[in-house]
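Novice: One structure coming up, written as structure tokens, with questions to follow.
Protein chains: 2
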Amino acid sequence: MRRHNLSVLLSAVHRDGPLTRAQLTGALGLSRSTVGDLVGGLAEAGLVHEGRPRAAAGRGVGRPSLVVTPRERSATVLALYLDVHWLRAAVVGLGGAVLERGTVQVPSEAPPDRVAALAGDLAARLVPEAADRARLVGAGVAVPGTVRAGAGVVGLAPNLGWVEQPVGEQVAGELEARLGRGLAVAVGNDADLGVLAECRRGAARDTADVVYLCGTWGLGGGVVSGGHRLTGSRGFAGEVGHIGVDPEGRPCHCGSRGCWEAETSAAAWAAPLDVDPEAPDVAERLLERLDRGGVAARRTRERVSRSFARGLASVVNVLDPHVVLVGAGLWRDLWPVVEDDVLPWVERLVLPALRGHVDVRLAGLGADSTLVGAAELALAPLLDDPLALAPA
Amino acid sequence: MRRHNLSVLLSAVHRDGPLTRAQLTGALGLSRSTVGDLVGGLAEAGLVHEGRPRAAAGRGVGRPSLVVTPRERSATVLALYLDVHWLRAAVVGLGGAVLERGTVQVPSEAPPDRVAALAGDLAARLVPEAADRARLVGAGVAVPGTVRAGAGVVGLAPNLGWVEQPVGEQVAGELEARLGRGLAVAVGNDADLGVLAECRRGAARDTADVVYLCGTWGLGGGVVSGGHRLTGSRGFAGEVGHIGVDPEGRPCHCGSRGCWEAETSAAAWAAPLDVDPEAPDVAERLLERLDRGGVAARRTRERVSRSFARGLASVVNVLDPHVVLVGAGLWRDLWPVVEDDVLPWVERLVLPALRGHVDVRLAGLGADSTLVGAAELALAPLLDDPLALAPA
Numbered sequence: 277m278r279r280h281n282l283s284v285l286l287s288a289v290h291r292d293g294p295l296t297r298a299q300l301t302g303a304l305g306l307s308r309s310t311v312g313d314l315v316g317g318l319a320e321a322g323l324v325h326e327g328r329p330r331a332a333a334g335r336g337v338g339r340p341s342l343v344v345t346p347r348e349r350s351a352t353v354l355a356l357y358l359d360v361h362w363l364r365a366a367v368v369g370l371g372g373a374v375l376e377r378g379t380v381q382v383p384s385e386a387p388p389d390r391v392a393a394l395a396g397d398l399a400a401r402l403v404p405e406a407a408d409r410a411r412l413v414g415a416g417v418a419v420p421g422t423v424r425a426g427a428g429v430v431g432l433a434p435n436l437g438w439v440e441q442p443v444g445e446q447v448a449g450e451l452e453a454r455l456g457r458g459l460a461v462a463v464g465n466d467a468d469l470g471v472l473a474e475c476r477r478g479a480a481r482d483t484a485d486v487v488y489l490c491g492t493w494g495l496g497g498g499v500v501s502g503g504h505r506l507t508g509s510r511g512f513a514g515e516v517g518h519i520g521v522d523p524e525g526r527p528c529h530c531g532s533r534g535c536w537e538a539e540t541s542a543a544a545w546a547a548p549l550d551v552d553p554e555a556p557d558v559a560e561r562l563l564e565r566l567d568r569g570g571v572a573a574r575r576t577r578e579r580v581s582r583s584f585a586r587g588l589a590s591v592v593n594v595l596d597p598h599v600v601l602v603g604a605g606l607w608r609d610l611w612p613v614v615e616d617d618v619l620p621w622v623e624r625l626v627l628p629a630l631r632g633h634v635d636v637r638l639a640g641l642g643a644d645s646t647l648v649g650a651a652e653l654a655l656a657p658l659l660d661d662p663l664a665l666a667p668a
Numbered sequence: 277m278r279r280h281n282l283s284v285l286l287s288a289v290h291r292d293g294p295l296t297r298a299q300l301t302g303a304l305g306l307s308r309s310t311v312g313d314l315v316g317g318l319a320e321a322g323l324v325h326e327g328r329p330r331a332a333a334g335r336g337v338g339r340p341s342l343v344v345t346p347r348e349r350s351a352t353v354l355a356l357y358l359d360v361h362w363l364r365a366a367v368v369g370l371g372g373a374v375l376e377r378g379t380v381q382v383p384s385e386a387p388p389d390r391v392a393a394l395a396g397d398l399a400a401r402l403v404p405e406a407a408d409r410a411r412l413v414g415a416g417v418a419v420p421g422t423v424r425a426g427a428g429v430v431g432l433a434p435n436l437g438w439v440e441q442p443v444g445e446q447v448a449g450e451l452e453a454r455l456g457r458g459l460a461v462a463v464g465n466d467a468d469l470g471v472l473a474e475c476r477r478g479a480a481r482d483t484a485d486v487v488y489l490c491g492t493w494g495l496g497g498g499v500v501s502g503g504h505r506l507t508g509s510r511g512f513a514g515e516v517g518h519i520g521v522d523p524e525g526r527p528c529h530c531g532s533r534g535c536w537e538a539e540t541s542a543a544a545w546a547a548p549l550d551v552d553p554e555a556p557d558v559a560e561r562l563l564e565r566l567d568r569g570g571v572a573a574r575r576t577r578e579r580v581s582r583s584f585a586r587g588l589a590s591v592v593n594v595l596d597p598h599v600v601l602v603g604a605g606l607w608r609d610l611w612p613v614v615e616d617d618v619l620p621w622v623e624r625l626v627l628p629a630l631r632g633h634v635d636v637r638l639a640g641l642g643a644d645s646t647l648v649g650a651a652e653l654a655l656a657p658l659l660d661d662p663l664a665l666a667p668a
């Protein structure tokens, strides 16, 4: 019972930031003395601290309620996001703040053990001090593929060419070698983690129906509907990138043709504009090329924007989301430039009842959503049992 | 508390059929004496009867447990399904059995009050006796359109040309006039009611991820994902008929082009085969025409089957259902003839991980799913508070 209450209290301040004892008492439905005891336990473990709210000092009548704040460096996790040609890493603290970050390019067709080695390099670079390494309570990895979560196995990542790869195990091995200590490694689908992060601390807080899109060389989708993450019968639901938008369209990695992903990701933009679609900085190159203008730029922009609108309209008709979030990846970089090409088409293509109600915008956590989602995944065990897993 | 337990017990026998007192005791987690009291209350109200199981008589050791059976004629509902050119009606009893049925053709572009009058005619014909009318506890109406459930208002039914029509009120008025008594009338979307019926007593029992398709002149979808009905933020989710499958395709009622519905419903089949797409018996005419064969029949079949496969593959990729059920309407009639044209294409178009796992079949309740779903909707208040609403 106490463990459960500690979990609820720490999760509340992790999610919502500093809260007064009075707010916690109200939110948790517990007595003041119980909340006092719980806060004491967490403070003793070093996970939170308590103090007078600075702004309120001297104001108002009576003693102001003490404020409970998560200590962001007391427990940290390593978050990794593999976006095909880039491996991004962050150290994220309790409370969700990104404390350190780093990025490294991934060679084309790198196998999982190579990526795991790069993850080890990044981790060693981002957390050089033994004292900081001791505060890591886990690692989370976001990958553009289907994941068997319990096992940390990537079932299929078409844009990486990976099938049935034990990514969790490989990353754990490299981290242990480079950091000098074992860490639990959790693996998740990038878009699923993106939507998790946006619902928890991004643009979809308090929203029960969200579609989150991400990816540069693919188009991943994470869907929350009626407050529940859409998983489907085998965990493959939400693969909106494989809605067929054009029967005569481009071949897709998945073996089909004209998938939303094939018609709108890096390759669809890059080929007609003489940009290398595999270039790690393809987004910048495309933006530059679009900025230069010309017939090819105009036509490509028109064609790809319409394809994007077609897929978006199908997604909106099937899922009726409150908001569609354009998250980490190519479309986030392009969105400010093409938004006005895309949205009028979406308005024409969705059901009449939905016209005027389609809300598509940039993810609140920007390019960090997937990383923050990976961090949330890695922090879950600590939040579940704070005293057992708090760093000594 | 007793009301809740009565509700759970009656719902159990309504859904699962005859159950022994021992089974009920186990399933409800209540004591034998409490179950005895509840069964007594429901039996006194005439809703169930108790008796020795016939097959078990004389077998086994000791006294066999008494069997509780819903009395199907003790409380009945009127179920209506409007499939554009047809109004189908049934009297459904407690336990879900269809006791009477009738069908009437609906003139093209009939306004809601005309359809309500036809519903009144059918009701008066199906339930001529005053004693039977007294046992009706409500009516349910399935319509191919979006419904604001609480108000019984059809927001938009594109294939009927209806916008913001108070269908529940109009049907209630006609039933009162023709049956001589007021009845609560509940209205629901046809596909949502179809999937409800299939989950409760059809081909999707114990299945948490189901897509149900229905319609002749349109293609409605009802989706259950992770055990929850997909509603979306405004109640429009599940409109799989408006996934775009061909940017160069046929204009759709919704204002878009190449929607799955436009490419695969009656009009898409009928026009190239010289069949009147508005004919109420369009399915039979099409079957006859396909049976006669020839180039146009072969080409149309190939083209429409591929379009159907395209939409189906998108649905499977986005929702990863355990099963797709082909329910009331045109595709149910055509499915045995075109299944072998459709399924190989679906296998080619879905994600590799889903190949070999796509299960598409006829709805378990056949053409009755939507009617049975409408009946379930109408029976809900009785199941919620059996003693208050049992017919005297």
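Which chain is which? The protein sequence lines are X and Z, in order.
Its first residue numbered 277, the first sequence is counted upward by one per residue in my numbering.
Its first residue numbered 277, the second sequence is counted upward by one per residue in my numbering.
For every residue, glycine included, the Cβ atom is placed at its ideal position computed from N, Cα and C.
#1: Interface residues of chain Z around CYS530 (chain X) at Cβ under 7 Å?
#2: State the beta-bridge partners of ARG637 (chain Z) as determined by DSSP.
#3: What residues of chain Z sit near LEU432 (chain X), judged by a beta carbon separation below 7 Å?
#4: Got a sec? Which residues, its chain only, sit under 6 Å from LEU641 (chain X) by beta carbon, not counting five neighbours each side?
#5: Quick check on this structure: which residue in X:GLY421, X:TRP493, X:GLY458 and X:GLY449 has the alpha carbon closest to the alpha carbon of ASP468 (chain X)?
#6: Mind pulling the chain X residues with CB within less than 8 Å of GLU515 (chain Z)?
#7: Consider the C-beta atom of VAL368 (chain X) and the heavy atoms of the ligand NAD; say whether any pair is separated by less than 7 Å.
#8: Against chain X, with Cβ distances strictly below 8 Å, would LEU563 (chain Z) count as a contact?
#9: Could you tell me the distance, in whole angstroms, from the CA atom of VAL355 (chain Z) to the CA atom of LEU451 (chain Z)?
#10: For the beta strand (DSSP E) containing ARG390 (chain Z), list its first residue and its last residue.
#11: Starting from ASN713 (chain X), trace the beta strand (DSSP E) in both directions and tell me its first and last residue.
#12: Of all the CB atoms in chain X, is at least one closer than 8 Å to the CB of GLY485 (chain Z)?
#13: DSSP three-state call for ARG505 (chain Z): helix, strand or coil?
#14: Three or more C-beta pairs closer than 8 Å, one from the region 308 to 318 of chain Z and one from the region 362 to 374 of chain Z: is that the case here?
#15: Just mark GLY682 (chain Z) as buried or exposed, buried being the case when its beta carbon has 16 or more other beta carbons within 10 Å.
#16: In terms of residues, what are the limits of the alpha helix (DSSP H) holding ASP292 (chain Z)?
#17: I'd like the list of long-range same chain contacts for LEU342 (chain X), defined as Cβ closer than 6 Å, with 5 residues on each side in sequence excluded.
#18: How far does the alpha helix (DSSP H) with TRP493 (chain X) in it extend, from its first residue to its last?
#19: Measuring CB to CB, does ALA513 (chain Z) end up less than 8 Å from VAL594 (chain X)?
#20: Answer yes or no: does any C-beta atom of chain X fall closer than 8 Å to that of ALA589 (chain Z)?
#21: Kindly indicate which residue of X:LEU300, X:ASP359 and X:ALA351 has the alpha-carbon position closest to the one of VAL344 (chain X).
#22: For PHE584 (chain X), which residues in chain Z fall below 9 Å Cβ to Cβ?
#23: Can you find a CB in chain Z that lies within less than 8 Å of the CB of PRO523 (chain X)?
#24: Can you tell me where the alpha helix (DSSP H) with ARG582 (chain X) in it begins and where it stops?
#25: Let me know if ASP635 (chain X) comes out buried or exposed under the rule of 16 or more other beta-carbons within 10 Å of its beta-carbon.
#26: Anyone know if the C-beta pair for GLY498 (chain Z) and VAL461 (chain Z) falls short of 8 Å?
#27: Can you give me the C-alpha to C-alpha distance between GLY437 (chain X) and GLY587 (chain X), rounded to a whole angstrom?
#28: Report the option in Z:VAL602, Z:VAL571 and Z:GLY369 whose CA atom is closest to the CA atom of GLY293 (chain Z).
#29: CB-CB under 8 Å to LEU295 (chain X), same chain, minus the five flanking residues each way: which ones, in chain order?
#30: Answer with yes or no whether the minimum CB distance from SER384 (chain Z) to chain X is below 8 Å.
#31: Check for me: the beta strand (DSSP E) holding GLY316 (chain X) runs from which residue to which?
#32: Anyone know if the C-beta pair for SER532 (chain Z) and LEU625 (chain X) falls short of 8 Å?
#33: Taking Cβ-Cβ distances shorter than 7 Å, what residues in chain Z pair up with ARG291 (chain X)?
#34: Interface residues of chain Z around ARG510 (chain X) at Cβ under 9 Å?
#35: Between the region 490 to 505 of chain X and chain Z, which residues of the former have a C-beta closer than 7 Å to a C-beta of the latter?
#36: What's the call for GLU385 (chain X), buried or exposed, on a 16-neighbour Cβ count within 10 Å?
Specialist: The structure says:
#1: For this step, residue 530 (chain X) is matched to residue 254 along the first sequence. For a Cβ distance threshold of 7 Å, residue set LEU627 and PRO628 of chain Z lies close to CYS530 (chain X), ordered along the chain.
#2: Counting from 1 along the second sequence, the entry for residue 637 (chain Z) is found at position 361. In DSSP, ARG637 (chain Z) forms a bridge with Z:LEU601.
#3: On the first sequence, residue 432 (chain X) is found 156 positions in, with the first residue counted as 1. Below the 7 Å Cβ cutoff, chain Z contributes PRO628 and ALA629 as neighbours of LEU432 (chain X), in chain order.
#4: For the purposes of this step, residue 641 (chain X) is taken as residue 365 along the first sequence, with counting starting at 1. Annotation for LEU641 (chain X): ALA473, GLY478 and VAL648 place their beta carbon closer than 6 Å to its own, counting only its chain and skipping 5 residues before and after.
#5: Taking the first sequence and counting its residues from 1, one reaches residue 468 (chain X) at position 192. Looking at the Cα atoms, X:GLY421 is the closest of the given residues.
#6: Here residue 515 (chain Z) refers to the residue found at position 239 when the second sequence is read from its first residue. Simply ASN593, VAL594, ASP596 and LEU627.
#7: The ligand NAD is absent from the structure shown, which contains no ligand whatsoever.
#8: Sequence index remark: in the second sequence, residue 563 (chain Z) carries index 287 (1-based). So no, LEU563 (chain Z) is outside the interface.
#9: As a first step, residue 355 (chain Z) is located in the second sequence; it is residue number 79 there, counting from the start. As a first step, residue 451 (chain Z) is located in the second sequence; it is residue number 175 there, counting from the start. The sequence shown places Ala at residue 355 (chain Z), not Val. Counting only the Cα atoms, LEU451 (chain Z) lies some 12 Å from ALA355 (chain Z).
#10: Locating residue 390 (chain Z) in the second sequence gives position 114, where the first residue counts as 1. Per DSSP, ARG390 (chain Z) belongs to no beta strand (DSSP E); it is in the alpha helix (DSSP H), 388 to 402.
#11: What the structure shows of chain X is the stretch from 277 to 668, and residue 713 (chain X) is not part of that stretch, so it cannot be assessed.
#12: Here the question's residue 485 (chain Z) lines up with position 209 in the second sequence. One point to set straight first is that residue 485 (chain Z) is Asp, not Gly, in the sequence displayed. Taking Cβ atoms only, chain X reaches closer than 8 Å to ASP485 (chain Z), which makes this a yes.
#13: As a position in the second sequence, residue 505 (chain Z) is number 229, starting the count at 1. Three-state result, ARG505 (chain Z): strand.
#14: Contact between the region 308 to 318 of chain Z and the region 362 to 374 of chain Z is absent, because fewer than three Cβ pairs lie under 8 Å.
#15: There is no way to answer for residue 682 (chain Z), as the model of chain Z reaches only from 277 to 668.
#16: For this step, residue 292 (chain Z) is matched to residue 16 along the second sequence. Counting along the chain, ASP292 (chain Z) sits inside the alpha helix (DSSP H) bounded by residues 278 to 292.
#17: Within the first sequence, the letter at position 66 stands for residue 342 (chain X). The answer, listed in chain order, is ARG297 and GLU326.
#18: Taking the first sequence and counting its residues from 1, one reaches residue 493 (chain X) at position 217. No alpha helix (DSSP H) holds TRP493 (chain X); DSSP gives it neither H nor E.
#19: The residue you call residue 513 (chain Z) lines up with position 237 of the second sequence. The residue you call residue 594 (chain X) lines up with position 318 of the first sequence. Yes, the pair counts as a contact, with Cβ atoms nearer than the cut-off.
#20: Here residue 589 (chain Z) refers to the residue found at position 313 when the second sequence is read from its first residue. Contacts with chain X at 8 Å (Cβ-Cβ) include ALA589 (chain Z).
#21: Counted from its first residue, the first sequence places residue 344 (chain X) at position 68. Of X:LEU300, X:ASP359 and X:ALA351, the residue nearest in Cα terms is X:LEU300.
#22: By one-based count along the first sequence, residue 584 (chain X) stands at place 308. Think of a sphere of 9 Å around the beta carbon of PHE584 (chain X): no beta carbon from chain Z falls inside it, the nearest being about 12 Å out.
#23: Indexing the first sequence from 1 puts residue 523 (chain X) at position 247. Yes, contact with chain Z.
#24: The residue labelled residue 582 (chain X) in the question sits at position 306 within the first sequence. Taken as a continuous stretch (DSSP letters only), the alpha helix (DSSP H) holding ARG582 (chain X) covers 571 to 595.
#25: Residue numbering aside, residue 635 (chain X) sits at position 359 when the first sequence is read from its first letter. Counting the other Cβ atoms within 10 Å of the Cβ of ASP635 (chain X) gives fewer than 16, which makes it exposed.
#26: Within the second sequence, residue 498 (chain Z) is the residue found at index 222, counting from 1. Within the second sequence, residue 461 (chain Z) is the residue found at index 185, counting from 1. Contact flag unset, no.
#27: Reading the first sequence from its first residue, position 161 is the one you call residue 437 (chain X). Reading the first sequence from its first residue, position 311 is the one you call residue 587 (chain X). Looking at the backbone, the Cα of GLY437 (chain X) and that of GLY587 (chain X) are separated by about 24 Å.
#28: For the purposes of this step, residue 293 (chain Z) is taken as residue 17 along the second sequence, with counting starting at 1. With distances taken between Cα atoms, GLY293 (chain Z) lies closest to Z:GLY369.
#29: Your numbering for residue 295 (chain X) matches position 19 in the first sequence. ALA288, VAL289, ALA303, VAL343 and VAL344, listed in sequence order.
#30: To locate residue 384 (chain Z), count along the second sequence from 1; it is residue 108. Taking Cβ atoms only, chain X never reaches closer than 8 Å to SER384 (chain Z), which makes this a no.
#31: The sequence position of residue 316 (chain X) within the first sequence is 40, counting from 1. Segment 308 to 320 is the alpha helix (DSSP H) holding GLY316 (chain X); no beta strand (DSSP E) there.
#32: Counting from one through the second sequence, the residue named residue 532 (chain Z) turns up at place 256. Counting from one through the first sequence, the residue named residue 625 (chain X) turns up at place 349. Yes; because the gap between Cβ atoms is below 8 Å, this pair is in contact.
#33: As a working mapping, residue 291 (chain X) is identified with position 15 in the first sequence. The premise fails here: ARG291 (chain X) is roughly 22 Å from chain Z at the closest Cβ pair, so nothing lies under 7 Å.
#34: Position 234 of the first sequence, counted from the start, is the residue given in the question as residue 510 (chain X). Going along chain Z in sequence order, the residues near ARG510 (chain X) (Cβ under 9 Å) are ASP485, ASP596, HIS598, ALA629, LEU630 and HIS633.
#35: The residues in question are SER501, GLY502 and HIS504.
#36: The residue labelled residue 385 (chain X) in the question sits at position 109 within the first sequence. Exposed, since its Cβ has fewer than 16 Cβ neighbours within 10 Å.
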